[in-house]
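I have placed the structure first, in the form of structure tokens, so that the comments after it can refer back to it.
In the working numbering, the protein residues as written are 6 to 268.
The structure is reproduced here in structure tokens:
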């Protein structure tokens, strides 16, 4: 299914495989426009405000402060715990924060997968992307970030404490070993960002999906081969080409649904 436009003019599309966690993001670092200068809080605040305007998002002052504080924590912890390969402050703002903000409008329209009461499972969350961003911007949802690396789960727990995010939880576990409702509630939205192939993403998490729940996979290039390899138990849903402010790189988000509407 060809991707739809995601709220703003789309980036160029193309056939190919989804981005890998390492090489693709290293390439993206060179494309991000902000310089490698030390972070300027006022400039970051202006850049965030402009990005939200471009994406059609409305956030209040507390949410804006929390988003920037999260970036500051990510920079601080990254020096010791190697949470992300992106180290330039400006590139981190664009590639991580703006990249995750860009999925919110398309996940809210036409069907609102992020309505109050939604349970979001962020698989392979790393330093909390996109889970922390969703938890900050959407206080009415419940977000569970899962990662196999203990220091990354510990960082998300620290973010929850320092930013006062009662709707955010971190799990140090292999996602296939978690059970609902023992470990977390069934998820109405299961999201991943550069986690794995689409088939593996679905296969590892299907047991945690709530009835009528969907998957949302964040990808770089259009993953034609991965879509063709999806199991018969699921089907591709709507797909969107995103335009991330200040980033000249392909971005897509693909929804995947159970093959049976009643499943």
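For every residue, glycine included, the Cβ atom is placed at its ideal position computed from N, Cα and C. Here the structure is a predicted model, which means the values were calculated and not measured.
Helix, strand or coil, according to DSSP, for residue i in the structure here?
{"i": "residue 217", "result": "strand"}
{"i": "residue 161", "result": "helix"}
{"i": "residue 240", "result": "strand"}
{"i": "residue 80", "result": "helix"}
{"i": "residue 148", "result": "strand"}
{"i": "residue 74", "result": "helix"}
{"i": "residue 60", "result": "helix"}
{"i": "residue 139", "result": "helix"}
Thinking just about the alpha-carbon of each residue, which of the options is nearest to the one in residue i?
{"i": "residue 105", "options": "223, 154, 147", "result": "223"}
{"i": "residue 258", "options": "225, 238, 231, 233", "result": "225"}
{"i": "residue 150", "options": "206, 178, 111, 143", "result": "178"}
{"i": "residue 210", "options": "182, 234, 229", "result": "182"}
{"i": "residue 148", "options": "138, 156, 157", "result": "138"}
{"i": "residue 247", "options": "108, 57, 78", "result": "108"}
{"i": "residue 61", "options": "152, 111, 155", "result": "111"}
{"i": "residue 218", "options": "192, 204, 229", "result": "192"}
Should residue i go down as buried or exposed, given a rule of 16 or more other Cβ atoms within 10 Å for buried?
{"i": "residue 55", "result": "exposed"}
{"i": "residue 212", "result": "exposed"}
{"i": "residue 133", "result": "buried"}
{"i": "residue 130", "result": "buried"}
{"i": "residue 66", "result": "exposed"}
Can you give me the C-alpha to C-alpha distance between residue i and residue j, rounded to a whole angstrom?
{"i": "residue 33", "j": "residue 236", "result": "Any reading at residue 33 is ruled out, since the residue's pLDDT is 45, under 50, leaving its predicted position unreliable."}
{"i": "residue 122", "j": "residue 200", "result": "25 Å"}
{"i": "residue 113", "j": "residue 143", "result": "11 Å"}
{"i": "residue 207", "j": "residue 239", "result": "8 Å"}
{"i": "residue 99", "j": "residue 198", "result": "15 Å"}
{"i": "residue 232", "j": "residue 47", "result": "42 Å"}
{"i": "residue 185", "j": "residue 127", "result": "14 Å"}
{"i": "residue 165", "j": "residue 171", "result": "7 Å"}
Would you check if the segment 206 to 225 and the segment 78 to 85 touch, i.e. whether three or more CB-CB distances between them fall below 8 Å? no
Do the segment 90 to 104 and the segment 242 to 256 meet, that is, are 3 or more Cβ pairs less than 8 Å apart? yes
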